[in-house]
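Q:
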Amino acid sequence: MTDEEILDLYERSLDDVHRAASRLCGGDRAATEELVQDTYLALVRHCREHPGEVVGVGWLVIACRNRFLDLYRADRRRLRREMAASTMESSAGSTNGASAGTLDRLAALPVLQRSALVLRYVDDLGISDVARLLGKSVHATESLLVRGRNALRATVNTEESS
Amino acid sequence: MNSDQTLRSVLKAAGNNPTDEFRNRMRRRLESELGGDTLIVPIARPASRPAARSWRWVASAAAVLALLVGIVVVRSSEHVASPPSTTSNAAWGLDDWSNAYVADAQIVAADDVSTVLVNLEKRAGSPAGSEISPLAAPYGDGILYLAAPEPPGLIGGSLRFVDSTGEQLIDDNASSFTARLDGQIAVGRLNDKDSEVVVRATLGGAPETWLVSDENLSVLAWVGEQLLVQESFGDSGTPANLLAVTAGGHVRTVHSAAGLLAVSPDGHHLILDTVDLDTVDPASDTNEAIIVDAETFAQTGVLRLPQAGSELLVGQAEWSDEGIVATTWIDGEQRVAMFEPDGKDLVAVRAVPLPVAVQQGLVHPILNATGIEVSGWATNNRHPDASGGFWTSPYIWVTCNFESEQCTTAPMGTAAGQVSRVFSRSGSASPVNPVTSTSDSPTTPATSAQCSWSASVAGFDGAGQHSFSVLSLTNVSDRPCAVPAIAGVRAVDDDGTPLSEGVLGSLLPVEALGVDSIAAAERVDFVVTTTTQESCGKTAPVLSSTLQVTLDNGDSFPVTFPGTLNVACGLQFSEATRLSD
């Protein structure tokens, strides 16, 4: 991809990538922006190494997710603390109206629950894949999903009724 | 939320758009990178360091989460210890049964395989939503087990007791339980607004409430007169207290942020997985397993892992007279580690890599009497699903030898002659779940190669959420044949294109045949079940009317169904059974 094509892709994809990152990061702005930045830097690296290859938004979203999981696996305890603690801060980016409650709920979840929910329901991964990516047993992942769903229930019900 | 589909939609709609400031800043950064050759300097601001109290909250919540996902402590009736170790004989902590069903598994009670052969019920649920392990424990001459909630979706299941005389309901809202050798049964209940621990002196005894909490409670194990209970966060998160409760509701805190890994055979010590709450600097944070005195809760040692960076998988440890084993995560690979005493500590001395198919770790590990082999069940990570990916069904047995450093796998046996010694740690040298069965029948069945079978569909009901079909194989040989087994079922379209690979399992109860051979002209049945696409969030059905069936002898043949199967959510086929005519 040429530099112009990369910049064009950036303009077309930033909203999607940022939203994907914010879901993973529970709405935390600093963590989201760091993740987004890493994603686009990975794009630049990839395009330099594979000059003839054309990638799209899907590649970026998956790269974002993989980067998040890399961080999680590399230092899950540090990440868990930083991200969960940073949810104490307010999110400054513009939010998709009705999804604010959901994002707030996501932010309140422990990072493992949040990750499991996003991987399962947004990225549509199978439970065993989610478990493998998180380094947890399927048993544990089931529990994470159930707890995450329960935690989100109030928000979703509220949105449904409105 | 009303369904996974709703949750999926809401989650996908969530997310923050970037601020204009970040959009511009990132654009400049990208332009700079494209024009230069370095990718080093980060531009995003790191999150500000939270107060120490925040760390504490986070660490506590994380610890509880880690604990809640499958604490398993298995104690055998052989390990009755002197006081104070009345010793729990079994405990399973599972905090939620939503959308779950009990998978196919037969549990043989205690040490006598002739006493009870229980085919755990299969409950209709969402096959794509969840699978959970058989949760059961020997109790007297029978088995206590947790059944999935009815209707599916409720949090609490039911605790039931089953023996050769029948089945009885013990508690209609149970999410965890642990039984003691003297007959006491503790149940963790998750109610709408709180949770509680109730204890019965006997099977039919009146429930006595020992503990009520706004947070979630799961009973883990009995240690002497103490009942170990995990208190965990609800929706918002609370500290992860591991509690010791005694009659009358007297509560002591074993640890404010720890989960139980194992109880020593004599009941005097516990292994806890802890989080250091007071460490603010993430770089010096340590998660470690410690050994504590079961009475004073004072730390007496640590569990040292095989190497730096390795982690224990919570809930997958066994501490017996022969040693202690636990599943660990080392260099991205899961291994079963053997620990031996080193002074006051326990040190990993051996670690055997688990097979690729068993990436989720060994659950309920059981050391054999020699201390050389460990066996346990696991989810099969290599079982294909309808979409061409993999999911974890059915369960498989894994046996690892610490001397040869090899592991073998075998299916969870349910056929006649096979024994799943799931909860027994008897001194018998019988291997866990022998794969093959033998027959002493005077009329030796023909080998599979000498047998012929004709297939038919004996029943079909596809009107509801699930379709239930019966595939019958009739022995058209002139002699008895060994019970056939289906090696694989594949739904195909009219052109023979594969649509879905079947997995072993059933949404209907399936009884074991209990015979070794099928006489000439007799038949054997297999239940075939599917579920409508809504249950797994698919938008469109995947229809098939033809199954390609492959037997374990290699025979393969198509079977045309009288109706249309919707295999969007997968396809299950049962073990051999025989349904009433």
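If you read the sequences in order, they're chains X and Y. Numbering follows this note's numbering, with no gaps: position 77 of the first sequence is 77. Numbering follows this note's numbering, with no gaps: position 477 of the second sequence is 1477. From the three backbone atoms N, C-alpha and C, an ideal C-beta is built for every residue, glycine too. It should be emphasised that the depicted structure is a prediction, and the values quoted were computed from it without experimental measurement.
Using 8 angstroms as the threshold, is the stretch 1321-1338 of chain Y in touch with the stretch 1350-1359 of chain Y, meaning 3 or more CB pairs across them?
A: Segments in contact, yes.
Q: Is the CB of Thr1019 (chain Y) under 9 angstroms away from at least one CB in chain X?
A: Thr1019 (chain Y) counts as touching chain X.
Q: For Val1567 (chain Y), count neighbouring C-beta atoms within 10 Å of its own C-beta (all shown protein chains included) and say buried if the count is 16 or more, exposed if not.
A: Answer is buried; the Cβ neighbour count reaches 16.
Q: Give me, in chain order, the residues of the same chain whose beta-carbon lies closer than 7 angstroms to that of Asp123 (chain X); leave out the 5 immediate sequence neighbours on both sides.
A: Taken in chain order, the residues that qualify are Arg65.
Q: Taking 9 angstroms as the CB-CB limit, is His46 (chain X) close to chain Y?
A: No, no contact with chain Y.
Q: Using three-state DSSP, classify His50 (chain X) as helix, strand or coil.
A: Here His50 (chain X) sits in coil by DSSP.
Q: Within the chosen definition, does the stretch 1478-1487 of chain Y reach the stretch 1536-1544 of chain Y through at least 3 CB pairs nearer than 8 angstroms?
A: In short, these stretches do not touch, since the Cβ pair count stays below three.
Q: Measuring only the C-alpha atoms, how far is Ala1013 (chain Y) from Arg114 (chain X)?
A: Approximately 15 angstroms, taken between the alpha carbons.
Q: Could you give the distance in angstroms between the alpha-carbon of Ile1185 (chain Y) and the alpha-carbon of Leu1260 (chain Y)?
A: Approximately 19 angstroms between the Cα atoms of the pair.
Q: In terms of alpha-carbon separation, which member of X:Arg12, X:His18, X:Gly26 and X:Val130 lies closest to Pro110 (chain X)?
A: Of X:Arg12, X:His18, X:Gly26 and X:Val130, the residue nearest in Cα terms is X:Gly26.
Q: Just to make sure I have the definition right: I need the residues of chain Y whose C-beta is within less than 9 angstroms of the C-beta of Val164 (chain X). Which are they?
A: Past the edges of chain X, shown from 1 to 162, lies residue 164 (chain X), and the structure says nothing about it.
Q: Under DSSP, the beta strand (DSSP E) around Ser1545 (chain Y) begins and ends at which residues?
A: Taken as a continuous stretch (DSSP letters only), the beta strand (DSSP E) holding Ser1545 (chain Y) covers Leu1543 to Leu1551.
Q: Who does Pro1498 (chain Y) pair with in a DSSP beta bridge?
A: Y:Val1492.
Q: Using the C-alpha atoms, what's the distance from Glu142 (chain X) back to Leu1571 (chain Y)?
A: Roughly 21 angstroms separates the two Cα atoms.
Q: Between Phe1557 (chain Y) and the ligand FAD, is there a pair consisting of the residue's CB and a ligand heavy atom that are separated by less than 8 angstroms?
A: You won't find the ligand FAD in this model; it holds no ligand whatsoever.
Q: Can you check whether the C-beta of Ala1576 (chain Y) is within less than 9 angstroms of a C-beta belonging to chain X?
A: Cβ-Cβ to chain X under 9 angstroms: no for Ala1576 (chain Y).
Q: Measure from the C-beta of Ser115 (chain X) to each C-beta in chain Y and report whether the shortest distance is under 9 angstroms.
A: Closer than 9 angstroms: no.
Q: In chain Y, which residues lie with their C-beta within 9 angstroms of the C-beta of Ala20 (chain X)?
A: Those are Gly1015, listed as they occur along chain Y.
Q: Does Val54 (chain X) have its Cβ less than 9 angstroms from a Cβ in chain Y?
A: Not an interface residue.
Q: Report, in whole angstroms, the separation of the C-beta atoms of Ala1455 (chain Y) and Leu1513 (chain Y), which I expect to be a contact under 8 angstroms.
A: Not really, about 17 angstroms apart at Cβ, beyond 8 angstroms.
Q: So, under 8 angstroms CB-CB, Val1325 (chain Y) and Leu1367 (chain Y) are touching, yes? Tell me the CB distance rounded to an integer number of Å.
A: With 8 angstroms as the limit, Val1325 (chain Y) and Leu1367 (chain Y) qualify as a contact, their Cβ atoms being about 6 angstroms apart.
Q: Applying a beta-carbon distance threshold of less than 9 angstroms, which residues of chain X neighbour Arg1029 (chain Y)?
A: The answer, in chain order, is Gln37, Tyr40 and Leu41.
Q: Measure the alpha-carbon distance for Ala1206 (chain Y) versus Ala1174 (chain Y) and round it to whole angstroms.
A: Cα-Cα distance, rounded: 15 angstroms.
Q: Go to Leu1346 (chain Y), then tell me how far its beta strand (DSSP E) extends in each direction, as first and last residue.
A: Per DSSP, Leu1346 (chain Y) belongs to the beta strand (DSSP E) from Asp1345 to Pro1353.
Q: Note down, in chain order, each residue of its chain lying with its Cβ closer than 6 angstroms to the Cβ of Thr1202 (chain Y), except the 5 sequence neighbours on either side.
A: Cβ neighbours of Thr1202 (chain Y) beyond the five flanking positions: Gly1183.
Q: According to DSSP, which residues form a beta bridge with Glu1340 (chain Y)?
A: BP columns for Glu1340 (chain Y) point to Y:Val1347.
Q: State buried or exposed for Pro1365 (chain Y), treating a residue as buried only when at least 16 other CB atoms are found within 10 Å of its CB.
A: So Pro1365 (chain Y) ends up on the buried side.
Q: Return the first residue and the last residue of the beta strand (DSSP E) that Arg23 (chain X) is part of.
A: Segment Asp3 to Leu24 is the alpha helix (DSSP H) holding Arg23 (chain X); no beta strand (DSSP E) there.
Q: I want to see whether chain Y comes within less than 9 angstroms of Ile62 (chain X), judged by CB atoms only; does it?
A: False, the Cβ-Cβ gap to chain Y never drops below 9 angstroms.
Q: Residues of chain X with a CB under 9 angstroms from the CB of Arg1160 (chain Y): which are they?
A: Per Cβ cutoff of 9 angstroms: no residues; Arg1160 (chain Y) is ~21 angstroms from chain X at best.
Q: Which value, in whole angstroms, describes the spacing of the CA atoms of Leu1144 (chain Y) and Gly1376 (chain Y)?
A: Near 19 angstroms, if we compare the C-alpha coordinates of Gly1376 (chain Y) and Leu1144 (chain Y).
Q: Give me the Cα-Cα distance between Gln1533 (chain Y) and Asn1191 (chain Y), rounded to the nearest whole angstrom.
A: Between Gln1533 (chain Y) and Asn1191 (chain Y), the C-alpha separation is close to 31 angstroms.
Q: Counting only C-beta atoms, is Glu49 (chain X) closer than 9 angstroms to chain Y at any point?
A: No, Glu49 (chain X) lies away from the interface with chain Y (no Cβ there is under 9 angstroms from its Cβ).
Q: Excluding the five sequence neighbours on either side, which residues of its own chain have a C-beta within less than 8 angstroms of the C-beta of Met1 (chain X), listed in chain order?
A: If we look at Met1 (chain X) and ignore the five residues flanking it on each side, its Cβ neighbours are Leu9, Cys47, Pro51, Glu53, Val54 and Val55.
Q: What residue range is occupied by the uninterrupted alpha helix (DSSP H) comprising Ser1195 (chain Y)?
A: Counting along the chain, Ser1195 (chain Y) falls outside any alpha helix (DSSP H), though it belongs to the beta strand (DSSP E) covering Ser1195 to Arg1200.
Q: Could you work out which residues of chain X lie near Gly1361 (chain Y), taking near to mean beta carbons separated by less than 7 angstroms?
A: Within 7 angstroms Cβ-Cβ: Ser137.
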